[in-house]
Every structure is written in C-alpha cells, then in structure tokens.
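Add 29 to a position in the sequence shown, counting from 1, and you land on the number used in the working numbering. Quick notes on the structure that follows.
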Amino acid sequence: MRIVVDTSSLFYGFQIDGRNEFITTPSVIEEVRGKKMRRNIEMEMDLLKIMEPTGRFVEDVERIARSTGDIDQLSRTDIELIALANETGSHLMTNDLSMQNVCRSLGIPYESFKGKSIDTEIEWGYRCIGCRRKFDRFYDECPYCGSELRKYPKKRKTIA
C-alpha cells in the first residue's frame with residue numbers, strides 16, 4: 030500500500046517500515062524542526078519517497094476545499110499532501126480533520142494514526158455577526174456592513 034504522510038505523522042512518531050511505500054512532499058521535510066526529528070527522518074529517508082504533486086491535482090484540491098469551506102484551514106503543505114495522495118492513488122495518513130474532510134469529498138482514502146477521524150462530513154459557510162448575511166467564501170469583513178465573519182456548518186452528513 031502507498032501512504033502519504035504529513036508532518037504530524039512524522040513528528041508524533043508514526044513508524045515507517047518496509048511493508049508499505051511511504052511518500053511525502055519537500056514542504057513536509059522543511060516543516061520538520063529540530064535536529065533530533067531531522068535525524069530520525071534521515072534514518073528513514075531510504076524508506077521515504079519525496080515527491081511534489083502536479084499543478085492540476087493541486088488545483089483540484091483547492092477547488093474542492095473551497096466548496097467544502099475548508100480552504101482557510103489548510104496550509105499550502107496540507108493542500109500539496111492531499112494532491113499528492115490523489116495523484117499517486119495513495120492513502121493519506123493525517124490527524125487533521127479538515128484534510129480528512131477534503132479527502133472524503135475527493136474520494137481519497139485516509140487514516141489517522143492516533144485514532145482521531147471525522148465522523149461527519151461538513152460543508153462550511155460564513156455568517157456576518159452584524160447583519161447575519163451568509164456567504165460561501167471568507168471575506169476579511171462583511172461586504173455589506175463591515176462586521177466580522179464567523180464560520181458555521183452549512184451542511185452536515187454523518188459518515189457511516
């Protein structure tokens with residue numbers, strides 16, 4: 030099985046072994062801080078393949094993340110990891126619930142190494158705290174009254 034691993038998987042000690050093919054992005058390696066962690070990864074580098082996703086797959090992830098409302102919760106690295114899992118037909122190993130939500134919408138299998146997985150698929154929207162208007166995308170302030178926007182669950186679907 031091919032598994033794309035995120036930064037938290039490496040940071041919290043997910044075991045990379047020879048039974049599976051493990052893939053990550055250069056940005057994950059850059060995110061890993063501290064010599065001890067770098068040393069641990071360097072010891073496993075022969076088992077960890079470093080790849081970058083192609084632009085088309087990154088654009089697909091961004092489009093879906095916008096539609097689910099998760100785009101503001103995802104870093105560039107998160108988007109690249111989801112795109113890489115989609116492009117390579119891999120499972121994504123992550124505890125990040127926003128990443129799992131986008132994976133679910135794209136049909137990408139995901140796993141959590143700490144047992145924390147989504148149980149509800151959520152499509153997010155934004156609501157003005159002043160005039161209460163609703164928006165599908167985030168704005169720094171309400172275009173009508175200038176108040177702050179807050180995220181709210183627009184649609185929920187329980188995952189069986």
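Just so it is clear, CB atoms sit at the ideal spot from N, CA and C, and this is done for glycine as well.
* Determine which residues share a DSSP beta bridge with Gly84 and list them. => According to DSSP, Gly84 bridges with nothing at all.
* Please confirm whether Arg152 and Lys180 have their CB atoms less than 8 Å apart. => According to the sequence provided, residue 152 is Glu. The question's Arg does not apply to it. Cβ distance not < 8 Å, so Glu152 and Lys180 don't count as in contact.
* Which value, in whole angstroms, describes the spacing of the CA atoms of Arg48 and Arg31? -> 10 Å
* Asked: Can you tell which of Asn124, Ile108, Asn130 and Glu150 has its C-alpha closest to the C-alpha of Ile188?
  -> Glu150
* Asked: Taking Cβ positions, are Leu121 and Ile108 nearer each other than 8 Å?
  -> no
* When you compare only the Cα positions, how much space is there between Ser96 and Pro55? -> 27 Å
* To do: With DSSP as the reference, label Thr54 as helix, strand or coil.
  => coil
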